[in-house]
Structure formats: structure tokens, C-alpha cells
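Visitor:
Number of protein chains: 2
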Amino acid sequence: MSDGDAEADAGSVVAGNRRAVGKLLTRIECADPSVLAVLDLLYPRGTHVPILGITGPPGAGKSALVDQLIARFRARDERLAVLAVDPSSPFTGGAILGDRIRMARHNTDPNVFIRSMAARGHLGGLAGAVGDALIVFDAMGVDRILVETVGVGQNEMDIILHAGTVVVVQTPSGGDVVQAVKAGLLEAGDIYVMNKMDTGGVDRAAAALRDSVDFRHPLNGSDAWRPPVVKTQAVEGTGVDAVVDAVLAHRQHFERFPHQLEARRRLQMSAVLVERVAALWRFRNSTQHPSGPAFEYWLNEVMARRSAPSAAAAALLSGFTREGIADYAPAALRPGK
Amino acid sequence: MSDGDAEADAGSVVAGNRRAVGKLLTRIECADPSVLAVLDLLYPRGTHVPILGITGPPGAGKSALVDQLIARFRARDERLAVLAVDPSSPFTGGAILGDRIRMARHNTDPNVFIRSMAARGHLGGLAGAVGDALIVFDAMGVDRILVETVGVGQNEMDIILHAGTVVVVQTPSGGDVVQAVKAGLLEAGDIYVMNKMDTGGVDRAAAALRDSVDFRHPLNGSDAWRPPVVKTQAVEGTGVDAVVDAVLAHRQHFERFPHQLEARRRLQMSAVLVERVAALWRFRNSTQHPSGPAFEYWLNEVMARRSAPSAAAAALLSGFTREGIADYAPAALRPGK
């Protein structure tokens, strides 16, 4: 694909052409390498659209909440892009996507772009594919991006690394708290939703969640955000307005304290970059692809028992990290150009 | 810890001091960095002990089979080291380890060294911790090493990368075949065990497994190993002698075709090394640890939207892989020394 094609594709996305956006997302899912040239063009043209991540264990009611949130933000006349991320294997993917059918009522709305993604084989893993999809969304001219993902496992934690505001959905059932601790969700949320508030024990569960969240978010001075805990019944829409208010308040908090948003973005992007390098390294050295001479050298050292695997890995990595900046940067990207 | 301490620790392991081995394994589990010096000393002194990996879905009867295999190999007067790998979180670890209590009857046998491992926080991930433990076992003077791991997920597939012979345990229940396909187990096994042969449908299940395995292991010439399918009732010990025969036959196959063993080891070690580099890279760049100047440079490029994350990752990695061999190798390890 020529540069001219990439420029045309990028132009269609920036013009808000939904068909072009859809085709580009499919190419991202299929790990079409020519898509990288389009992303390189789109990334500088992004408009820093607020990204709202919605996560939580299976069955917590994430899709119902997203459906309600779409309706609320549409009532505020916002144009939306929604990404439903399904990290499951193809064996279970269908069932999980089925839960999202209720969202389909928004599909006829020209101001809501909804896409499910279950990418495999992407150079940067699923989190990399999501990151690339968000670059496209950020450039297509919407007011807000919603990303829904199951908050179980490292992969999903990587995905919410892209969000400026993370909503963690829980239910009153006791097991979820343990799940949340395991998954690191009590550190990850900016807003906590205790869904299924019609279930028994909701007040006790919400209070326990309140305590757990406060314990993990010590208020260091008056400029720290204190994650609210909101009770909802998402299917009926009860409490969803309070979630929207919390989302807007979190954004206002960052507008008051822009250095906090900047620090968060830097921390997130650092983690994103680490994972992308690891994924690309793994991809390039998979058995189908020959490795470079340094890798071959150290592999031979290990095979001959002259170097232990840990020492060889450290040696390979030290060759990587001690390099000077000038050697890394391609000419086109060096400072001053 | 001084080099002298490392030398003393390595010497104790080589002398077969079980207490020293146990303490070293604990240090590996706890990610004690001083253990690397001991491993560097032990790795060249390893004796290429055959490693038998036993894997399969939860509940397939792996622990019962391992218990029986220990008894059979002991009857052949072999000295054994056994590693039961539990990749679960601390929340479920206890329960799974409880299944392994039956193995404890061998704990009083001075010629059987049994250890459970549920390492977290290791520089090379759980697979890295297992790889390090196997270096210790390989140097302690045993005749055979057994590694038991749940065959679900990438982590476990990494673990069996260390084994010269992999036994995949299945049961007649239909769901397991789908699980096996998903987990890539039908490519991974050298020997297949259809356990719980007293269950209904065992012959049909074994025949189906036979077909599936043959489909994935095309016999390219007469020197290819055809993975046998063995029916067992592991708790009662039925069929276990046939598993032992298959294990010995697989070893004899590699003695007849040593280039096959060499090629397998090279492929495995290559994958091990790739994963260790990725894990170490991730560890070094975790939020607690500052990154190098090249990483900082590219992070700034991405933050300023001058470079897309995928392009930055590729640039970082190309700086890594194009390096010459001489630049990587520490002086002490360069060829000719």
C-alpha cells in the first residue's frame, strides 16, 4: 500500500467517514501491517477526546450500564464512539458478545459508532489493538469514547491504561470484592458503581467498598480525587445520572489540576510502551521468525551451558537499554527536524 | 552475598544436600537477586537429567498419575526430583496444593525430593522461576525430574517448554478435548494419557484423541515419533506401567535420533530466552523503576504526539536487535575466553 493510500485512509477517518473507520478497525484486528502508516498519520491529528473505561467482573452489568450511559451522553448531544473489548478466545467470544446486543439499539444513531473487538495476532497483543483503535476514534471527530472490558486479568488492566476516567462496576455479591482485590481493581477505579442495588445487602456492600477504596486512595492534600461509590440498577437506569455526574466531575477535577492528568497520561503511556515493546519483541522472535545475531549468540551460549538463561536475558537487555538516544531515533524523527 | 557464599551454596547443591536445595528454591521463589550468582555456577555443572512434564486440565488426575509414576521410577531405583507448579493466585493456591497431599507419602523417601512452587514476582515470571528451579534439580544429582503443571494458559505452556518428554493427561469427558485444542495441548504432547478409563465412553474418547493427535503429528518419514495414547486409572495404578514404558521409549527415540532432541532443545530454549527477556524488560520498566534515556526519549515523542506508540516500540526494539554481538557480550563471556 502506498503512502498516498495511507493519506487517503487517514483523511477519510478525520472527515468522520464511518465506513472508512470500520474498515480501518478491521485491518487493525487482522494485524494488517499497512495500517501502521495510517496510524502514524492519525496519531498527531488526534483531538484528545476523553476516554471513559468501564470494567468489572463478568455479569456485573457493564453492558447495561454502557447502554444507559450512551443514552445519557446522547441526551447531552455528544457524538460517541464505543469499543466493546472481548479478550476471550473464539470459543467463548460469541456468547459474551451476545450480552452486548442491547447496545445495538444505538446502532441506528448516526452519532454513535459502536464496535466490538476480539483481536488476536496483533503485533501489540489485544491491548495494542485497542490502543490503535483508540487512535482512530480520537481522530474521527467524536466528543467522547467509551471502552468496555472485562476487568479480569492483566490484559484488561492494560486496556484501561488508555482511559482518562475508569468506572469499576461491582455487585453486592461477596465474591466480587475478592475478585476486585485480585484484579487490582480497587487501585484502578476513578468511580465505583455498585450495580444491582435491588439485590439484598447492597448498602453493606457499598459501605465495605467505600472503606476499601478509601484505604487504597489516601487523600494526600485537598487536591486528590476521592473516587465516589455510586449505587445503580443499570437495566432500569436507576442511579445512572449520578454516574454521569461523577464522570463529568472527574473531568472537571483534571481541568482544575492539569498536572495530575499529565502525570497520569505519562504513567499510562509508559506502561503502554513497555507492553508494546514486549509484545513486538515476542512477535519478532516467535519460532516463525529468525532472530538477530545477538539473540543467536546468546542462545548458543545458553545451549552450550556457558551462560545461564537469566544471565543471557540480562545481557541481551543491557545491550538494548544502554544505547544512546541518537542511535535509536530514525532520521525522520530526530529532535530539531 | 559474596561470590564465596554463592560457591558454597552451589557446592552444597552439587553434593546433593537437600536442605541447601530447599533453601535455594525458596530464594528463587522470593526472587532473591543473589540467587543468580548461584545459578550461574550451577548451570554449567548440570547433568542433562531427563525432564518429564505432566500437564492437563484441572481434575484430570495429574497428581495421582505423578504419585504412581514416582513409585514406578523408584522401583527402578531412580533418584527423583519432583516440582509441582501452581500458577494460581494465593487465593486459590492452598486448595490446589491440597490435591497434592497424596504425593506426600514419598516425602520420607530420601531419594525423592518433592517441592511445590507458586512463585510470583520472579524476574522471569513463573516460567522463569520454574526454569531456575530445574537448573538446581539438574545439578543436585538425580536421575529424573518430574514437573507437574495445570495445562491451561500460556504460562503453563511456557513451563512445559523445559521438558524433554511431555505427558498430556485427559479424561473421557467431552469438554476436555475443546480445552485441549484451545490450550494447544494436542501439539504439545509426546505421550497422551486418557485417564479415568473406568468412566463411560473411554474407548470412543481415546479413539477420538488418537485421531486428533495423528492429525497434528503427521509422520514425516520413519524417524518421527508417534505420540502414543495410553488408557489409565491413575488412582488404582491401572495402565501406569504402559506410561512408564512410553516415557522410556520416547527417551530411546531421542537416543536414536539425537538431532531431534537437539533441535527440540534449541527451539525450547529460544522460546525460554524470548520470554525471559520480555519479563526482565517489563520488570525493569515497571513504574517503580526508572527507564533508560532511549525509553524516556521515545516516551516523550509519544506524549508530544510526534510518534505513534507502535512506531516508538519498533524504534526502541530496532535499537535492540541491530546491535553487534561484541557489544552485547560482557568481557567475561566473550568467545575465546
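Those protein sequences? They're chains S and F, same order as listed.
Residue 159 in the numbering used here is what sits at position 159 of the first sequence, and the numbering runs on without skipping anything.
Residue 631 in the numbering used here is what sits at position 294 of the second sequence, and the numbering runs on without skipping anything.
Just so it is clear, CB atoms sit at the ideal spot from N, CA and C, and this is done for glycine as well.
The structure presented is a predicted model; accordingly, all values stated were derived computationally and were not measured.
Measuring only the C-alpha atoms, how far is residue 127 of chain S from residue 110 of chain S?
Guide: Their backbone Cα atoms lie some 27 angstroms apart in a straight line.
Visitor: Please report how far the alpha carbon of residue 341 of chain F lies from the alpha carbon of residue 474 of chain F, in whole angstroms.
Guide: 21 angstroms
Visitor: Spell out whether any CB of chain S is found under 8 angstroms from the CB atom of residue 416 of chain F.
Guide: no
Visitor: Using a Cβ-Cβ cut-off of 7 angstroms (strictly less than) and excluding sequence neighbours within five positions of residue 227 of chain S, which residues of its own chain qualify?
Guide: 189, 190, 191, 192, 213, 217
Visitor: What in chain S is Cβ-close to residue 454 of chain F, meaning under 8 angstroms?
Guide: By Cβ distance, chain S contributes nothing, its closest Cβ being about 16 angstroms from residue 454 of chain F, past 8 angstroms.
Visitor: Hey, could you find the ends of the alpha helix (DSSP H) residue 450 of chain F is sitting in?
Guide: Per DSSP, residue 450 of chain F belongs to no alpha helix (DSSP H); it is in the beta strand (DSSP E), 449-454.
Visitor: For a quick check, are the C-beta atoms of residue 647 of chain F and residue 161 of chain S less than 8 angstroms apart?
Guide: no
Visitor: Would you check if there are 3 or more beta carbon pairs closer than 8 angstroms linking the segment 265-277 of chain S to the segment 228-241 of chain S?
Guide: no
Visitor: Check whether chain S comes within 8 angstroms of residue 646 of chain F, counting only Cβ atoms and requiring the distance to be less than that.
Guide: Taking Cβ atoms only, chain S reaches closer than 8 angstroms to residue 646 of chain F, which makes this a yes.
Visitor: One question on the structure: do residue 539 of chain F and residue 405 of chain F come within less than 8 angstroms of each other, judged by their Cβ atoms?
Guide: no
Visitor: Determine the direct distance from the alpha carbon of residue 376 of chain F to that of residue 306 of chain S, and round the result to whole angstroms.
Guide: 12 angstroms
Visitor: Skipping 5 residues on each side, what residues in its chain have a beta carbon closer than 6 angstroms to that of residue 428 of chain F?
Guide: In this predicted model, residue 428 of chain F has a pLDDT of only 33, less than 50, meaning its place in the structure is not dependable enough to derive any value.
Visitor: Name, going along the chain, the residues of the segment 65-76 of chain S whose beta-carbon falls closer than 9 angstroms to a beta-carbon of chain C.
Guide: As a matter of chain content, chain C is missing from the structure shown, whose protein chains are S and F.
Visitor: With 8 angstroms as the threshold, decide whether the Cβ of residue 261 of chain S is near any Cβ in chain F.
Guide: no
Visitor: For a test of the three-state rule: what should DSSP assign to residue 484 of chain F, helix, strand or coil?
Guide: DSSP places residue 484 of chain F in strand when its eight states are reduced to three.
Visitor: Out of F/545, F/547, F/541, F/507, which has the shortest C-alpha to C-alpha gap to residue 531 of chain F?
Guide: F/507
Visitor: On the three-pair Cβ rule with 8 angstroms, is the segment 360-369 of chain F touching the segment 392-405 of chain F?
Guide: no
Visitor: Can you tell me whether residue 22 of chain S is helix, strand or coil according to DSSP?
Guide: helix
Visitor: Between the C-alpha atoms of residue 17 of chain S and residue 81 of chain S, what's the straight-line distance to the nearest angstrom?
Guide: 13 angstroms
Visitor: Going along the segment 374-390 of chain F in order, which residues come within less than 7 angstroms of chain S, judged by CB to CB distance?
Guide: 376, 377, 380, 381, 383
Visitor: Show which residues of chain F have a CB atom less than 7 angstroms away from the CB atom of residue 314 of chain S.
Guide: Those within 7 angstroms of residue 314 of chain S in chain F are 617.
Visitor: Could you check how far apart the C-beta atoms of residue 313 of chain S and residue 487 of chain F are, in whole angstroms? I think they sit under 8 angstroms.
Guide: Contact flag wrong, Cβ pair sits at about 25 angstroms.
Visitor: Within the continuous beta strand (DSSP E) that includes residue 529 of chain F, where are the two ends?
Guide: 528-531
Visitor: Any Cβ of chain S within less than 8 angstroms of the Cβ of residue 562 of chain F?
Guide: The C-beta of residue 562 of chain F comes no closer than 8 angstroms to any C-beta of chain S.
Visitor: Give me the Cα-Cα distance between residue 413 of chain F and residue 536 of chain F, rounded to the nearest whole angstrom.
Guide: 30 angstroms
Visitor: Whose CA, out of S/299, S/236, S/31, S/41, lies closest to the CA of residue 283 of chain S?
Guide: For residue 283 of chain S, the closest alpha carbon among the candidates S/299, S/236, S/31, S/41 is that of S/31.
Visitor: Can you check whether the CB of residue 476 of chain F is closer than 8 angstroms to the CB of residue 350 of chain F?
Guide: yes
Visitor: Within the same chain, show all residues whose beta-carbon is closer than 7 angstroms to that of residue 654 of chain F, passing over the 5 residues directly before and after it, in chain order.
Guide: none
Visitor: Does any residue of chain F have a CB that is nearer than 8 angstroms to the CB of residue 173 of chain S?
Guide: no
Visitor: Give me the chain S residues within the contact set of residue 609 of chain F, using Cβ-Cβ distance strictly less than 7 angstroms, ordered along the chain.
Guide: 309
Visitor: State the start and end residues of the unbroken beta strand (DSSP E) segment that holds residue 479 of chain F.
Guide: It is not in any beta strand (DSSP E) - residue 479 of chain F carries neither H nor E in the DSSP assignment.
Visitor: Between F/522, F/616, F/629, which has its C-alpha nearest residue 505 of chain F's C-alpha?
Guide: Measuring from the Cα of residue 505 of chain F, the nearest candidate turns out to be F/522.
Visitor: Compare the beta carbon distance of residue 84 of chain S and residue 41 of chain S with 8 angstroms and say whether it is the shorter of the two.
Guide: no
Visitor: Answer yes or no: does any C-beta atom of chain S fall closer than 8 angstroms to that of residue 341 of chain F?
Guide: Cβ-Cβ to chain S under 8 angstroms: no for residue 341 of chain F.
Visitor: Residues in its own chain within less than 6 angstroms of residue 665 of chain F by CB, not counting five upstream and five downstream?
Guide: Because the pLDDT of residue 665 of chain F is 35, which lies under 50, any placement of that residue in the model is unreliable, and the question is left without a value.
Visitor: Buried or exposed: which applies to residue 509 of chain F, given that a residue is buried once 16 or more other Cβ atoms fall within 10 Å of its Cβ?
Guide: buried
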